Every structure is written in structure tokens, then in C-alpha cells.
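Trainee: The opening residue of the sequence shown carries number 1 in UniProt numbering; numbering runs sequentially from there.
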Amino acid sequence: MYQPHAARRSRLLKQIGDGIALLPTAQEAVRNADCHYPFRPDSYFLHLSGFAEPEAVLLLDGRSGKSILFCRERNPEREIWDGFRHGPDGARATFGFDEAYPLSEMAERIPALLADCGQLWWPLGHDEAFDRRVNGWLDAVRSQVRSGVRPPAHYGDLRALLDEMRMVKDEAEIALLRRAGEISAAGHVAAMRAARPGMHEYQLEAELLRVFVGSGARHQAYESIVAAGGNACTLHYVANDALIRDGDLVLIDAGCELQGYAGDITRTFPANGRFSGPQRDAYEIVLAAELAGIAAVKPGAAWPAPAEAALRVMAQGMLDLGLLAGTVDGVIESGAYRKFYMHGVGHMIGLDVHDVGRSKLQGQWRSYQPGMCTTIEPGLYIRPADDVPAVFHNIGVRIEDDVLVTADGCEVYTAAAPKQIDEIEALMRGA
Ligand code: GLY
Ligand code: MN
Ligand code: MN
Numbered sequence: 001m002y003q004p005h006a007a008r009r010s011r012l013l014k015q016i017g018d019g020i021a022l023l024p025t026a027q028e029a030v031r032n033a034d035c036h037y038p039f040r041p042d043s044y045f046l047h048l049s050g051f052a053e054p055e056a057v058l059l060l061d062g063r064s065g066k067s068i069l070f071c072r073e074r075n076p077e078r079e080i081w082d083g084f085r086h087g088p089d090g091a092r093a094t095f096g097f098d099e100a101y102p103l104s105e106m107a108e109r110i111p112a113l114l115a116d117c118g119q120l121w122w123p124l125g126h127d128e129a130f131d132r133r134v135n136g137w138l139d140a141v142r143s144q145v146r147s148g149v150r151p152p153a154h155y156g157d158l159r160a161l162l163d164e165m166r167m168v169k170d171e172a173e174i175a176l177l178r179r180a181g182e183i184s185a186a187g188h189v190a191a192m193r194a195a196r197p198g199m200h201e202y203q204l205e206a207e208l209l210r211v212f213v214g215s216g217a218r219h220q221a222y223e224s225i226v227a228a229g230g231n232a233c234t235l236h237y238v239a240n241d242a243l244i245r246d247g248d249l250v251l252i253d254a255g256c257e258l259q260g261y262a263g264d265i266t267r268t269f270p271a272n273g274r275f276s277g278p279q280r281d282a283y284e285i286v287l288a289a290e291l292a293g294i295a296a297v298k299p300g301a302a303w304p305a306p307a308e309a310a311l312r313v314m315a316q317g318m319l320d321l322g323l324l325a326g327t328v329d330g331v332i333e334s335g336a337y338r339k340f341y342m343h344g345v346g347h348m349i350g351l352d353v354h355d356v357g358r359s360k361l362q363g364q365w366r367s368y369q370p371g372m373c374t375t376i377e378p379g380l381y382i383r384p385a386d387d388v389p390a391v392f393h394n395i396g397v398r399i400e401d402d403v404l405v406t407a408d409g410c411e412v413y414t415a416a417a418p419k420q421i422d423e424i425e426a427l428m429r430g431a
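1) Kindly confirm or deny that the segment 180-190 and the segment 212-221 touch, where touching means at least three C-beta pairs closer than 8 Å.
2) Would you call E257 buried or exposed, if buried means 16 or more other Cβ atoms sit within 10 Å of its Cβ?
3) With respect to 8 Å, is the separation between the Cβ of G260 and the closest non-hydrogen atom of ligand 2 below this value?
4) Please report the distance separating the alpha-carbon of S10 from that of E99.
5) What residues come near ligand 3, if near means a beta carbon less than 6 Å from any of its heavy atoms?
6) Can you check the segment 258-322 for any alpha helix (DSSP H) of at least 4 residues that lies completely inside it and give the ranges in chain order?
7) Are P306 and G322 close, meaning C-beta to C-beta below 9 Å?
8) Is DSSP giving M348 helix, strand or coil here?
9) Would you check whether ligand 1 has a heavy atom nearer than 8 Å to the C-beta of T266?
10) With DSSP as the reference, identify every bridge partner of R366, one or two as the case may be.
11) If you check the beta carbons only, do L162 and L60 fall under 9 Å apart?
12) Let's see if you can read the secondary structure: which residues bound the alpha helix (DSSP H) around K14?
13) I'd like the span of the alpha helix (DSSP H) that includes E128, first residue to last.
14) Is Q203 helix, strand or coil when you go by DSSP?
15) Name the one or two DSSP bridge partners that K339 has.
16) If you check the beta carbons only, do V313 and A288 fall under 9 Å apart?
17) What three-state label does DSSP hand D401 in the structure shown?
18) Could you tell me if L243 is buried or exposed, where buried requires 16 or more neighbouring beta carbons within 10 angstroms of its beta carbon?
19) Which same chain residues, not among the five before or five after W137, have their C-beta less than 7 Å away from its C-beta?
20) Helix, strand or coil, according to DSSP, for P123 in the structure here?
21) Taking 8 Å as the cut-off, is the beta-carbon of D352 closer than that to any non-hydrogen atom of ligand 2?
22) Does the segment 18-37 come close enough to the segment 168-179 to have 3 or more Cβ pairs within less than 8 Å?
23) Relative to the C-alpha of Q119, which residue among Q203, A191, L158, P76 is closest?
24) So, is G346 buried or exposed, given that buried needs 16 or more other C-beta atoms within 10 angstroms?
25) Is any heavy atom of ligand 1 found at a distance shorter than 8 Å from the C-beta of I252?
26) Could you work out which residue in G90, V297, S367 is closest to V405 when comparing CA atoms only?
27) Do you know how far the Cα of R63 is from the Cα of L48?
28) Considering Cα atoms alone, identify which of D248, A301, G330 is closest to G277.
29) For Y222, which of helix, strand or coil comes out of DSSP?
30) Expressed to the nearest angstrom, what Euclidean distance is found between the alpha-carbon atoms of V403 and G317?
31) With a CB to CB cut of under 7 Å and the five nearest residues on each side skipped, what residues in its chain are close to Y37?
32) Over what stretch of residues does the beta strand (DSSP E) that includes L243 continue unbroken?
33) Would you please state the rounded distance, in angstroms, between the beta carbons of G83 and R74? I believe it to be under 8 Å.
34) If you run the structure through DSSP and keep just helix, strand and coil, what is G330?
35) DSSP on E425, reduced to helix/strand/coil?
36) Please classify I80: is it buried, with 16 or more other beta-carbons within 10 angstroms of its beta-carbon, or exposed?
As C-alpha cells, then:
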């Protein structure tokens, strides 16, 4: 049976030679009093383990090729209160680790494993508390130097290796991302169907959550943005508590998280189901820019290609609307376009909504390759100003899809959320 987490561990083991990799999951966080935020495992840890219980630490030993998990023991009393724990034996059997031990054995076992290993990899500097624990384990090795034991001579940031692995998604990840995209798109469709002037933004957020949770995706990948009217011009608007008025555009930026994988979709639609003339003009520019950005996503394309393609369309549109004067090259070179489009065209997406991965290697732009997933999300945000035609004031439009680079182009796996004007209007009419 194909076990994606075990396959990823094998790939990492090949890269660490005779070294050891140590990786903790995330810390639990108190929300208030004795209530915690929902526990979310660390993304790197989840990538390599699939194991979702708090406190766990994964150790990969390049010399033996073994994956070793340290985790909570079973505890009948705690399990009555907090639910099932796999315990070391269950974790080993279910997740395919070679060995698994209780957390209480880390203090003895980890220094013994670190002795004489060539190099140690961990998420260096990521979490002070874990850095201190690593130091403690290394001190335990150093204290035995006189009996001939050596601590590792080299240290490396494990995230640098894992970032490269996570940047290109494997089959199991692609399946989860596609499903997260589908569920997220269904949430947007439900919100469009439900929208009416006179509702509050949070009532549309409730539609999104109804679909996400009802589809088995218990969490949002990030706080949903439901922004009516001028609120759409605040990029990270999350208050979601305003009244939606007749004539408003509603911008929704929302995606579910499914088994750790993020969806991230933005759609913008008229609250009353009909785009006004100026709304339509602004919308068509952003849609054309989004499509141009998507068309530029293909294997071998240089990193900035989608951003450049989308920006040229956006700049031309700003000139056409009379928001700016000059030429396309002129407003791009001067940066004048940033008054209305002030963010990047997109970002990698995966276990984190703004996923890991470096856009340059040795100072050179890298190119897209099959298995990478990125968003494409241009936007036009027109805040009221004296030098801006009044008909466009408070129009905010963003259109965002999630895109998988394929062998010969790309797949827009969030396409089920409509974005053509006639499709949106038909959906909202109940057609
Ligand atoms: N929802 C965050 C983003 O679009 O990047
Ligand atoms: Mn988004
Ligand atoms: Mn995004």
C-alpha cells in the first residue's frame, strides 16, 4: 500500500546522510482560561507523519534509516476526558513508524541516538523552547565526551530541506488539495445563492462554514473575509459584521482546511444579483488579469511570469477606467498602479495557505514545475479620493483561484466557483 508519509520520510532520510533529523509538532495554545485554540499540528510535522496528537516529536536516523516517534502514552483516565490517544504501539502500527516510545523516554533515548551522528537537522531557531530542549540533549552527549562519544559536528535547518520537498506536491497531497478546492468552491456557491441586501456579512460567513464543516472540513484555512461595499478595499478585513446594502459588491475570500490542506478562493459578486455598469467594468478588468495570470502558469515558466501578465492587464484597465493617466509601461515603472493594486499576484498553497518555498535559487528566479500549486489573485481596490471618478468609489474586486502546475500547463482546481459575470448572475437568480 502507498503510504505517502512514509514515502516522504524515506525521501528526507536519503538527504540527511549519516545525520539525524528532529522535528516537534506545534504547541497547544491557550485561548482563554482553560479553553484552548483547536490544536493544529505543525505543517512540517504533519507532512512527514500524518500524526495529529500534541507534544509529539519525530526523529529520523539517517544511519539506520529508521523513523522514530515519541508521543503521549495511552491514559485511560485522560482519555475519558479528552478522547483517544494512539500511544506508542498504536502510533507505530497505524502510521508506519519503525519505532515509537513514550515522551518520558526522550531524555534518555535522544542523547544516545545523537552520539556520534554526523550532523543534526532541526527547525533551528523556529521555537525557542524546542531549541533549549535540543541544547539539553546535546549537553547530555557532550557530558560523555571523555568516554569517547562525539556530539554532531554540523547543524542544519531542517526547514530548508522540507521546504523544497513541500513545494512539489505528491499524488496524495494533490488529491487533498483538489478536494479542499472543491469544498471551498461549494462554500462560495452557497454564499452567492444566499446573499441578499439587508443581510449581515457574518450570515454569509455562516453559509461558508455550513458547507465546509458539513463536508468534513472542520476548519477554515484562515479567517474568512466577507466584505461588502467599501470594506472590500481593506485587504485583510475580518470583522464581517456590517450590513450588506443594495448596490454593494460583496468580496468573499475564504477556503476550508481539509486534513491540513488549504483552499483559498476569492469571489466578488453583487449583493442584489446584478452588476452595475461601473462594477462590471472594474470586474472585467480583474477577471481578464486573473485569466492572463493563470494562462502564464506552466512548467518552465519563470516565476514572475504570471505576476507580469496580470499586472499588464491591470495597468491597462486602470488607464481605461480613468483611474490613472499615462502608459502601461509608465504606470508599471513608476509604481502608480499600486494605489489600486497593492499586493502580489499569488502564493504557493499547500499545508499552509501561504505555503513554503523559495522563489529564487542562488539569486535566480526559479521556474514552475509540475506538482507546484499556486494561487492567482489580482485585485482592484478603489478607495474614495478626489482624483478618482466617483462612480468607482468603494468598489473592491478580487478574484482568486488555486492552480496546479501540470505536465503541459495548469489545472484550475477551484473552477467550480463561478466567476464569469453571466454565470454569477444566473446562479444568483436561481437559474
Ligand atoms: N486569503 C489569503 C490570501 O488570499 O492570500
Ligand atoms: Mn485568499
Ligand atoms: Mn491567497
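Cβ coordinates follow ideal geometry from the N, Cα and C atoms, glycine included.
All figures in this text were calculated on a predicted structure; none of them were measured in a lab.
Mentor: Put simply:
1) yes
2) Along the sequence shown, read from residue 1 onward, the residue named residue 257 stands at position 257. It is buried - the Cβ of E257 has at least 16 other Cβ atoms within 10 Å.
3) Locating residue 260 in the sequence shown gives position 260, where the first residue counts as 1. Checking every heavy atom of ligand 2 against the Cβ of G260, none is found closer than 8 Å.
4) Here the question's residue 10 lines up with position 10 in the sequence shown. Here the question's residue 99 lines up with position 99 in the sequence shown. Taking the straight line joining both Cα atoms gives about 15 Å.
5) D264, H347, T375, E377, E400
6) Taking 4 residues as the shortest admissible run, the segment 258-322 contains the following complete alpha helix (DSSP H) segments, listed from N- to C-terminal end: 277-295, 305-321.
7) Reading the sequence shown from its first residue, position 306 is the one you call residue 306. Reading the sequence shown from its first residue, position 322 is the one you call residue 322. No; because the gap between Cβ atoms is not below 9 Å, this pair is not in contact.
8) Walking along the sequence shown from the start, residue 348 turns up at place 348. The answer is strand: DSSP assigns M348 an E or B state.
9) Locating residue 266 in the sequence shown gives position 266, where the first residue counts as 1. Yes, the beta carbon of T266 sits closer than 8 Å to at least one heavy atom of ligand 1.
10) Taking the first residue of the sequence shown as position 1, residue 366 is located at position 366. None; R366 has no bridge partner.
11) Translated into the one-based positions of the sequence shown, residue 162 becomes position 162. Translated into the one-based positions of the sequence shown, residue 60 becomes position 60. No, they are not a contact pair.
12) Here residue 14 refers to the residue found at position 14 when the sequence shown is read from its first residue. Looking at the DSSP string, the run of the alpha helix (DSSP H) that includes K14 is 4-15.
13) Along the sequence shown, one-based indexing puts residue 128 at 128. 128-142 is the extent of the alpha helix (DSSP H) around E128.
14) Numbered from its first residue, the sequence shown carries residue 203 at position 203. Reduced to three states, the DSSP call for Q203 is helix.
15) Locating residue 339 in the sequence shown gives position 339, counting from the first residue. Paired residue(s): none; K339 is not in a bridge.
16) If you number the sequence shown from 1, residue 313 lands on position 313. If you number the sequence shown from 1, residue 288 lands on position 288. The answer is yes: Cβ separation under 9 Å.
17) Taking the first residue of the sequence shown as 1, we reach residue 401 at position 401. Correct three-state label for D401: strand.
18) In the sequence shown, the residue the question calls residue 243 occupies position 243. So L243 counts as exposed.
19) Residue 137 sits at position 137 when you count from the first residue of the sequence shown. Closer than 7 Å at the Cβ level, and outside the excluded window around W137, lie I110, P111, L114.
20) Counting from 1 along the sequence shown, the entry for residue 123 is found at position 123. Coil at P123, not helix or strand.
21) Start at 1 with the first residue of the sequence shown, and residue 352 comes out as number 352. For ligand 2, not one heavy atom lies less than 8 Å from the Cβ of D352.
22) no
23) Against the sequence shown, residue 119 aligns to sequence position 119. The shortest CA-to-CA distance from Q119 to any of Q203, A191, L158, P76 is the one to L158.
24) What you label residue 346 is simply residue 346 of the sequence shown in a count that begins at 1. So G346 counts as buried.
25) By one-based count along the sequence shown, residue 252 stands at place 252. The answer is no for I252.
26) Mapped onto the sequence shown, residue 405 falls at position 405. Here the closest residue by C-alpha is V297.
27) Here the question's residue 48 lines up with position 48 in the sequence shown. Here the question's residue 63 lines up with position 63 in the sequence shown. The straight-line gap from Cα to Cα measures roughly 18 Å.
28) To locate residue 277, count along the sequence shown from 1; it is residue 277. That would be D248, whose Cα lies nearest to the Cα of G277.
29) Counting from one through the sequence shown, the residue named residue 222 turns up at place 222. DSSP places Y222 in coil when its eight states are reduced to three.
30) As a first step, residue 403 must be located in the sequence shown, where it is residue number 403. As a first step, residue 317 must be located in the sequence shown, where it is residue number 317. A direct Cα-Cα distance of roughly 24 Å separates V403 from G317.
31) Within the sequence shown, residue 37 is the residue found at index 37, counting from 1. Excluding positions up to five away in sequence, the list reads A29, R31.
32) Taking the sequence shown and counting its residues from 1, one reaches residue 243 at position 243. Taken as a continuous stretch (DSSP letters only), L243 belongs to no beta strand (DSSP E), as it is neither H nor E.
33) Stepping through the sequence shown from its first residue, residue 83 is reached at position 83. Stepping through the sequence shown from its first residue, residue 74 is reached at position 74. That pair is no contact at about 12 Å.
34) In the sequence shown, counting from the first residue as 1, residue 330 sits at position 330. Secondary structure of G330 (DSSP, three-state): helix.
35) Position 425 of the sequence shown, counted from the start, is the residue given in the question as residue 425. Three-state result, E425: helix.
36) Within the sequence shown, numbered from 1, the residue matching residue 80 stands at position 80. Exposed: under 16 other Cβ atoms inside 10 Å.
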